[in-house]
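Sequential numbering of the sequence shown, starting at 1, is according to full-length UniProt numbering. Using N, Cα and C, we set each Cβ at its ideal position, and we do this for glycine too.
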Amino acid sequence: MASQPDDEQPEGLSARFFQKLASGVPGVLFTYWLSADHLSHRYPYVSDQVKELFGAEPQKLRENADSVFRVIHPDDTAGVGASILHSAQTLQAWCYRARLRMKNGEYQWYEAHSVPERQSDGSTLWYGQFHNIQHYKELEQHLRDSEAEFSFQAGFQKLIARLSSEFIHLGFGSIDDCIDELLKSIGAFFSVDRAYVYAFSPDLVTMTNTHEWCAPGVPSLMADQQAVPIDDFRWWQQQIRLMEAQSHVVFIEDTADLPSEAGNERALLEQQGVSSMFCVPVRIRGQVMGFFGVDSLSRRSWRRDMADLLIIVSGLLSGALERNRLEEDLLNQSIRDPLTGLHNRRYLMPRLDEILAASNRHGDRFCLAMFDIDHFKRINDNLGHLAGDQVLMRFTDVLLAHTRTTDVVSRFGGEEFLVVFTGVTEREVQTLVMRIMEAVREEEWLVDGKALTVTVSAGAVCVSELTDEPATPEALIARADDRLYQAKDGGRDCLVDASGLSRI
1 MASQPDDEQP
11 EGLSARFFQK
21 LASGVPGVLF
31 TYWLSADHLS
41 HRYPYVSDQV
51 KELFGAEPQK
61 LRENADSVFR
71 VIHPDDTAGV
81 GASILHSAQT
91 LQAWCYRARL
101 RMKNGEYQWY
111 EAHSVPERQS
121 DGSTLWYGQF
131 HNIQHYKELE
141 QHLRDSEAEF
151 SFQAGFQKLI
161 ARLSSEFIHL
171 GFGSIDDCID
181 ELLKSIGAFF
191 SVDRAYVYAF
201 SPDLVTMTNT
211 HEWCAPGVPS
221 LMADQQAVPI
231 DDFRWWQQQI
241 RLMEAQSHVV
251 FIEDTADLPS
261 EAGNERALLE
271 QQGVSSMFCV
281 PVRIRGQVMG
291 FFGVDSLSRR
301 SWRRDMADLL
311 IIVSGLLSGA
321 LERNRLEEDL
331 LNQSIRDPLT
341 GLHNRRYLMP
351 RLDEILAASN
361 RHGDRFCLAM
371 FDIDHFKRIN
381 DNLGHLAGDQ
391 VLMRFTDVLL
401 AHTRTTDVVS
411 RFGGEEFLVV
421 FTGVTEREVQ
431 TLVMRIMEAV
441 REEEWLVDGK
451 ALTVTVSAGA
461 VCVSELTDEP
471 ATPEALIARA
481 DDRLYQAKDG
491 GRDCLVDASG
501 LSRI
């Protein structure tokens, strides 16, 4: 068996004096011995603090060092052993950090420093000490966390600034693209599986998924989330009311923990694979119009301030949607007649250009019909302009009831209305116009309790007729207008088209 180092204390120092000296050191002083074959080890000397800190008996450690090695954290054990062997082989100073289990069962970080010395029998003896560095590790972790938090906050602010800039400079009609970019950016930043926007119906009876982003490999739910009835989701209805009243943020940390009254909600979320989610209300002009949300398909730890961060995103989204709504209102005001709600000339002319361009490219058929309410000035003069307004609005209703959504119905000016019938022939447009004239004649016109007889005259033209001149919106309207006046000269309550004058 290999010989072991002498246990005597350094020459000139009594054991009692050396123990007193060691007790003043903030750590554990030791000599550690490892046999040449690395099969046995012990502490020829170790200060008494080892018992106070770890519950290890110094006397037993002089025979075997195993009890100290048993308090090393399992994740650090292999590293400690490897570093000791490396120091023994190279005779380089042994310096290492590891977590040790204290007497109370708590692990704390310690750092060891020692110098190796080769013995005559090939064994190695280290002289050194190890001391507690828990405070420094906590400070190090705090600084690391602070740096990570600073980086996160800076990244979030940069992201919001970029999205804000995009929303500020978005052109009219590009709001959907901007929302899609927001969802993609927020979804990737927070590493969620889905990010989406839902809109409530005005009566809060249904909700519709209007925009959605999904992480790679995550299935989309958008197609199945259109006009979803919420009558059966009682718990969710309560959350909506809280959104309205208190700008409440819905946080479902684990769908399995939803209350019993949310059984339907839990079943739906589990069917969708959702494990946890956040939903934040989206307001437009002070009203909750829907919500912005993120889903996670697996259990995860959310930031404590996640709700606050998503509220910032929701505020950005709300502002962009409100601005877009205002722009839509302003545009509608500029292209719609304020009395009847029909499109006006500002809308009609570029729309006619588009229809005409499609006709030139693809041969699409269409016809124009211009209507004029007969003797409208007499109604205004005898009954007043309010009565005239009522007749205009009632005639608007007749037009809308007898035209299709693909047709363009507009108030051209005064009592004149223009309808663009798409995809029709000359014979077909005659039937459509006569049907409208008949509906006007059969309508019961009562204004302030007085019965009126109201008829209309019309002039119609089809794009296929313009073979002797360039087909332009102006040329088509001029031809329809000319035929309208022929109808009035022909006795009113009739239609003039390419075939001549027709009556019901």
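task = Could you tell me which residues DSSP puts in a beta bridge with D497?
result = G500
query = By Cβ distance, which residues of its chain are closer than 7 Å to L399, with the 5 residues on each side in sequence left out?
reply = V409, F417, V419 and I436
query = Using the beta-carbon count (16 or more within 10 Å), is G187 buried or exposed?
reply = buried
ask   = How about V433 and L495: are their beta carbons less than 8 Å apart?
value = yes
key: Whether R492 touches T453 by CB criterion (8 Å)   = no
query = Leaving out five residues before and five after D374 in sequence, what residues of the same chain have Cβ atoms less than 8 Å from its Cβ?
reply = Here the set comprises V454, T455, V456, S457, K488, R492 and D493.
key: Buried versus exposed call for R303 [16 or more other C-beta atoms within 10 Å across all chains shown]   = exposed
ask   = Taking all protein chains shown into account, do 16 or more other C-beta atoms lie within 10 angstroms of the C-beta of C367, making it buried, or fewer, making it exposed?
value = buried
T255 burial status per 10 Å Cβ neighbour count (16 or more: buried) = buried
inquiry  = Give me, in chain order, the residues of the same chain whose beta-carbon lies closer than 8 Å to that of residue 542; leave out the 5 immediate sequence neighbours on both sides.
reply    = What the structure shows of the chain is the stretch from 1 to 504, and residue 542 is not part of that stretch, so it cannot be assessed.
task = Reducing DSSP to helix, strand and coil, say where G263 ends up.
result = helix
message = Runs of 3 residues minimum, wholly inside the region 59-146: which ones carry the beta strand (DSSP E) assignment?
response = 94-101, 107-118 and 124-132
message = Quick check: the Cα distance between E8 and P44, rounded to an integer number of angstroms?
response = Caution applies to E8, whose pLDDT of 44 falls short of 50 and renders its modelled position unreliable; the model cannot decide the point.
request  = Identify, in the order they occur along the chain, each residue of the same chain with its Cβ nearer than 7 Å to the Cβ of residue 505, setting aside the five sequence neighbours on each side.
outcome  = Only positions 1 to 504 of the chain appear in the structure, and residue 505 is not among them; the question remains open.
request  = Counting only the same chain and skipping the five closest in sequence on each side, list residues whose C-beta sits under 8 Å from that of I175.
outcome  = Only A320, L321 and N324 meet the Cβ criterion.
task = Inspect the beta-carbon positions of A460 and D497 and report whether they are closer than 8 Å.
result = yes
ask   = Alpha carbon to alpha carbon, what distance is there between A471 and G500?
value = 21 Å
request  = Write down every uninterrupted run of the beta strand (DSSP E) in the region 189-277 whose length is 3 residues or greater and which is fully enclosed by it, in chain order.
outcome  = 194-200, 206-214 and 250-252
message = Classify N104: buried if its beta carbon has 16 or more other beta carbons within 10 angstroms, exposed otherwise.
response = exposed
inquiry  = If the criterion is Cβ atoms closer than 8 Å, does the pair P229 and T210 meet it?
reply    = The Cβ-Cβ distance between P229 and T210 does not fall below 8 Å.
ask   = Start and end of the alpha helix (DSSP H) containing A387?
value = H385 to A401
key: CA-to-CA distance, W235 to R336, given in whole angstroms   = 42 Å
inquiry  = Please state whether the Cβ-Cβ distance between R346 and S334 is less than 8 Å.
reply    = In contact: R346 and S334 (Cβ atoms closer than 8 Å).
query = Would the beta-carbon of Q390 fall within 8 Å of that of S502?
reply = By the CB criterion at 8 Å, Q390 and S502 fall outside the cutoff.
inquiry  = Quick check on V313: does DSSP put it in helix, strand or coil?
reply    = helix
ask   = Using the rule of at least 16 other Cβ atoms within 10 Å of the residue's Cβ for burial, across every protein chain shown, is M393 buried or exposed?
value = exposed
ask   = Looking at the structure shown, is E416 part of a helix, part of a strand, or coil, going by DSSP?
value = strand
request  = Ignoring anything shorter than 3 residues or poking outside the region 32-56, list the beta strand (DSSP E) runs there in chain order.
outcome  = 41-46
message = Tell me the rounded alpha-carbon separation between Q157 and I312.
response = It is roughly 10 Å from the alpha-carbon of Q157 to the alpha-carbon of I312.
query = Which residues in the same chain have their Cβ closer than 7 Å to the Cβ of W126, if we skip the five residues on either side of it in sequence?
reply = T31, Y32, W94, S114, V115 and P116
message = My output table needs one value for H375: the three-state DSSP class, helix, strand or coil.
response = H375: coil per DSSP, three-state reduction.
ask   = Nearest to Q129 by CA position, among I240, S185, E474 and G27, is which residue?
value = G27
query = Based on the DSSP output, what are the partners of residue 506 in its beta bridges?
reply = Residue coverage of the chain in this structure runs from 1 to 504, which leaves residue 506 outside it and unanswerable.
ask   = So, using beta-carbon positions, are T340 and T406 closer together than 8 Å?
value = no
message = Could you give the first and the last residue of the continuous alpha helix (DSSP H) run that contains D482?
response = P473 to D489
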